[in-house]
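Some notes on the structure that comes next.
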Amino acid sequence: MKKYLLIRKKYPNFYYQGYRFWLENNDLVINFYYDLPNDFKFLHTIKIKDIEKEKIKEIPKETLENLIFNLGIAEILNYWKLFCSQNIFIPNYLDRKQVDFWEKFFLRGMGQYFYENKINFKENNFINFFVGQTKKFQKDKAKLLPNFLLALGEGKDSIVSLELFKKYFEENFQEKLGIFVVNPNLLHLSIISQSAIKKRIFVERKLDNQILKLNQLGYLNGHIPITGILSFLISLCGVIFGYQNLVFSNERSSEEGNTKYLKEIINHQWSKGYEFENLFREYLNSYLIENLNFFSFL
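Quick note: to get the numbering used here, add 1487 to the position in the sequence shown (first position is 1).
Spelled out as structure tokens, the structure:
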């Protein structure tokens, strides 16, 4: 029997147990809790830095919670990929269209992982989502300014976008443009310093340390659609800091698949492509925030 089948059989059920969030000094701290009953518990932490407390108090708690809850579904993949569990339990309600979105997010976004681990993701009932019935969130219309929040990576593409925005806005760029950075490093700080951008949102994103240990023990590993996950995170930040326009710099070579597996084109950059961008935009505006704009600049 293939390795993934043995692991999958041993760990059929993966639970997204819930989340907590609170203000700590000037930071919004979010904990996500995942587990496989009687075996593993995982703690995933997000810290959004330097929030204006009065501003976040103006956001309805349910709006904030809806964004956080959905971010937590996307973050499941960091841990689910260790086991490839068939059944995924979600704490709150999702309707059929939402479940369809998440099934596609998992199946299309994890294509490289399936290929590398020789996983048959086309078998019947490969993944099943079981949703809670207690909390049913409604989309909201947020109080946003018509400004732009640009995700800054380490590649040249986001630097190109940054320079184009500065040129377009000219002397107004400090007012109109902000930078979003996850786990900023020296390169990010250097780019920001040279750009003279004053508005920046720094986010600390910390995975549970058990991931590395389980990888060393031979559990499954592989690529996840990180841009897709960060799309949910930047949406949360956009609402908290009041940016209407959320911008990535996804090069269009992202559209090209890199191999074929089980008669499907596998694209390890799927969440940087048009298909994901369109799916996410529809999901965002239909279920989360109706007046947020999400697009890729390049």
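Note that the Cβ used here is the ideal one computed from N, Cα and C, for glycine as well.
Nothing here was measured: the structure is a model prediction, and the numbers come from that model.
Identity of the residues DSSP links to residue i by a beta bridge
i, result
"valine 1618", "Ile1577"
"lysine 1507", "The amino acid at residue 1507 is misidentified as lysine; the sequence shows arginine. Partner(s): Asn1518."
"aspartate 1627", "Ile1776"
"lysine 1693", "Thr1532"
"serine 1783", "Phe1735"
"valine 1668", "Phe1689"
"tyrosine 1730", "Leu1632"
Three-state class that DSSP yields for residue i in the structure shown
i, result
"lysine 1643", "helix"
"tyrosine 1706", "coil"
"isoleucine 1678", "helix"
"glutamine 1599", "helix"
"alanine 1638", "strand"
"isoleucine 1711", "coil"
"tyrosine 1748", "strand"
"leucine 1523", "strand"
"glutamine 1661", "helix"
"phenylalanine 1593", "helix"
"tyrosine 1502", "strand"
"leucine 1632", "strand"
"isoleucine 1684", "coil"
"isoleucine 1753", "strand"
Residue i to residue j span [Cα, whole Å]
i, j, result
"valine 1516", "methionine 1488", "42 Å"
"lysine 1663", "leucine 1717", "21 Å"
"asparagine 1612", "alanine 1638", "36 Å"
"glutamate 1539", "aspartate 1514", "9 Å"
"leucine 1523", "glutamate 1762", "32 Å"
"glutamate 1658", "phenylalanine 1728", "22 Å"
"lysine 1591", "glutamine 1585", "10 Å"
"phenylalanine 1660", "aspartate 1627", "28 Å"
"asparagine 1778", "asparagine 1607", "39 Å"
"tyrosine 1520", "asparagine 1565", "12 Å"
"leucine 1493", "phenylalanine 1501", "15 Å"
"lysine 1490", "asparagine 1604", "9 Å"
Neighbour-count burial assignment, residue i, 16 or more Cβ in a 10 Å radius
i, result
"lysine 1568", "buried"
"leucine 1676", "exposed"
"glutamate 1764", "buried"
"leucine 1759", "Residue identity check: residue 1759 is lysine in the sequence provided, not leucine. By the neighbour-count rule (16 or more Cβ atoms within 10 Å), lysine 1759 is buried."
"tryptophan 1757", "buried"
"glutamate 1562", "buried"
"alanine 1683", "exposed"
"tyrosine 1730", "buried"
is_contact[residue i, chain C] using C-beta, thresh 9 Å
i, result
"glutamate 1552", "The displayed structure is made up of one protein chain only, and chain C is not part of it."
On the three-pair Cβ rule with 8 Å, is the region 1708-1717 touching the region 1670-1685? No contact exists between the region 1708-1717 and the region 1670-1685.
Whether or not the region 1598-1615 and the region 1744-1762 are in contact is what I'm after, with contact meaning three or more pairs of Cβ atoms, one per stretch, closer than 8 Å; do they touch? Output reads yes: the region 1598-1615 touches the region 1744-1762.
With a cut-off of 8 Å, do at least 3 Cβ pairs link the region 1702-1709 to the region 1546-1559? Taking 8 Å as the limit for Cβ pairs, the verdict is that the region 1546-1559 does not touch the region 1702-1709.
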